[in-house]
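Shown next, in structure tokens, is the structure this report addresses.
Numbering (our numbering), first residue to last: 1 to 470.
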């Protein structure tokens with residue numbers, strides 16, 4: 001892998017959908033860089049600190065949310081003198097997003113009083129009263145023709161279907177939820193999934209005309225759904241819950257065909273490879289070397305001896321035998337939103353695998369094979385997993401743990417890669433849309449990484465792989 005130098009950032013960073021540019025928030029400035037050279041292409045100054053950054057789907061415009069003001073500013077990459085400013089006044093702005101046509105901005109006011117669609121073409125606006133959520137509760141079809149917006153009135157949840165051409169409400173139908181938590185169109189735009197709040201396990205599948213196609217309740221008298229994700233092919237719907245299990249539904253009958261449990265002990269029979277991160281100390285024969293006191297003190301001050309600097313310490317994966325017990329924590333019973341259940345859930349681009357993280361086992365990442373309906377691998381880290389993401393073009397998974405290392409998994413095995421930047425700890429990561437560049441974020445800086453060779457073929461089994469730092 002190749003890494004760039006570190007650059008400053010103080011907030012959100014976002015790749016453009018066409019994978020050509022990278023927008024970075026630095027206090028009140030928006031810096032746009034070329035992805036290949038990382039040279040500054042444009043520099044925009046906002047009126048306050050930037051809270052969010054989002055590219056328009058056509059990569060022509062950039063939206064900056066200044067929620068402390070509260071205000072939204074939009075910029076044009078090809079016309080630097082053009083600008084747009086949206087101020088909702090006393091209603092405030094809790095969240096802003098682009099429409100699929102890149103010519104409208106949707107804002108949600110504070111306290112969910114209204115959702116407003118602002119046109120960049122003729123300055124017209126359309127209001128939708130009582131949106132259910134600020135940042136959630138809005139989903140667009142893949143073809144960009146319709147929007148599903150959740151609203152609530154008279155203690156009842158509704159789905160509003162709007163045309164993204166005229167922004168007129170096409171239909172409104174009530175949904176059988178107590179407190180709707182989210183909505184998502186299926187990848188083929190044929191169905192809408194909604195799920196209830198964590199207090200009740202309920203997943204509902206609706207057709208666009210409002211018919212309830214299926215109602216799924218896995219259990220009662222317990223905390224319910226925590227994560228929902230469609231497979232990219234649209235054939236599977238994965239539902240993660242607080243009972244530490246993922247259940248998958250098929251798109252033909254909407255019946256559950258598999259359940260994947262996350263137990264603390266992994267026992268045989270189990271064909272999955274369990275990779276555990278361990279320290280890999282440098283192997284030097286120091287018996288005949290004489291080191292001066294000053295040199296030794298300098299080594300300690302720089303953190304080399306105890307491996308505190310990036311590049312001074314090495315780690316590797318070792319394959320563990322089963323049975324093995326994974327480290328777990330007991331969630332607090334006197335606090336809301338317990339750290340338990342499936343908090344991370346994401347599908348690979350080919351819909352062959354999906355990964356999960358059980359929040360009361362924060363150091364373990366589970367990788368499941370949907371074709372074989374079995375566990376493919378488990379990555380056991382030394383520190384809690386902060387972020388993980390699939391390569392958009394191939395079956396490659398990267399993750400970080402706020403350490404100096406980047407971790408990768410493919411069906412061929414797992415690797416640990418040392419970051420050659422001093423004091424750089426990865427807290428978040430993102431792929432660009434074509435998979436050619438990986439953004440790595442530290443607390444106040446970022447760098448980019450690229451793979452200099454193609455993905456290795458599956459030449460050897462996972463059990464033979466104990467790869468080290470690159």
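All C-beta atoms, glycine included, are put in the ideal place defined by N, C-alpha and C.
Three-state secondary structure assigned by DSSP to residue i
| i | result |
| --- | --- |
| residue 15 | strand |
| residue 200 | coil |
| residue 7 | strand |
| residue 73 | strand |
| residue 89 | helix |
| residue 110 | helix |
| residue 250 | strand |
| residue 305 | Residue placement at residue 305 cannot be trusted, given a pLDDT of 40 that sits under 50; what the coordinates show is reported in the next sentence. Here residue 305 sits in coil by DSSP. |
| residue 381 | coil |
| residue 322 | coil |
| residue 33 | strand |
| residue 25 | strand |
| residue 366 | strand |
| residue 405 | strand |
| residue 257 | strand |
| residue 178 | coil |
| residue 45 | strand |
| residue 474 | In the structure as shown, the chain begins at 1 and stops at 470. Residue 474 is therefore absent and cannot be evaluated. |
Whole-Å CB distance - residue i paired with residue j, under 8 Å assumed
| i | j | result |
| --- | --- | --- |
| residue 106 | residue 115 | 6 Å |
| residue 317 | residue 414 | 5 Å |
| residue 314 | residue 280 | 4 Å |
| residue 377 | residue 238 | About 17 Å; that fails the 8 Å criterion. |
| residue 325 | residue 264 | 6 Å |
Buried or exposed (CB count within 10 angstroms, at least 16 for buried), residue i
| i | result |
| --- | --- |
| residue 364 | buried |
| residue 371 | exposed |
| residue 47 | exposed |
| residue 418 | buried |
| residue 219 | exposed |
| residue 89 | exposed |
| residue 124 | exposed |
| residue 400 | buried |
| residue 404 | buried |
| residue 277 | buried |
| residue 452 | exposed |
| residue 408 | buried |
8 Å Cβ cutoff met for residue i and residue j
| i | j | result |
| --- | --- | --- |
| residue 375 | residue 270 | yes |
| residue 322 | residue 267 | yes |
| residue 410 | residue 396 | yes |
| residue 100 | residue 144 | yes |
| residue 447 | residue 4 | yes |
| residue 139 | residue 185 | yes |
| residue 182 | residue 167 | no |
| residue 28 | residue 50 | yes |
Inter-stretch contact (C-beta, 8 Å, three-pair minimum) for the stretch 56 to 70 and the stretch 85 to 100:
With the cut-off at 8 Å, the stretch 56 to 70 and the stretch 85 to 100 touch.
Do the stretch 48 to 60 and the stretch 6 to 13 touch if we need at least three Cβ pairs shorter than 8 Å?
Yes, since at least three Cβ pairs between the stretch 48 to 60 and the stretch 6 to 13 fall closer than 8 Å, the two stretches touch.
Should the stretch 425 to 433 be regarded as contacting the stretch 377 to 384, the criterion being three or more beta carbon pairs within less than 8 Å?
Because the criterion of three Cβ pairs below 8 Å is not met, the stretch 425 to 433 and the stretch 377 to 384 do not touch.
I'd like to know if the stretch 78 to 89 and the stretch 29 to 37 are in contact, where contact means that at least 3 CB-CB pairs between them fall below 8 Å.
The stretch 78 to 89 makes no contact with the stretch 29 to 37, as fewer than three CB pairs between them are under 8 Å.
Is it the case that the stretch 221 to 234 contacts the stretch 326 to 333, given that we only count it when at least three CB pairs across the two stretches are under 8 Å?
Not touching, per the Cβ criterion.
Could you say if the stretch 183 to 201 and the stretch 343 to 358 meet the contact criterion of at least three C-beta pairs nearer than 8 Å?
Touching, no.
Kindly confirm or deny that the stretch 151 to 171 and the stretch 115 to 130 touch, where touching means at least three C-beta pairs closer than 8 Å.
The stretch 151 to 171 is in contact with the stretch 115 to 130.
The stretch 124 to 137 / the stretch 170 to 178 touching (three or more Cβ pairs under 8 Å):
No contact exists between the stretch 124 to 137 and the stretch 170 to 178.
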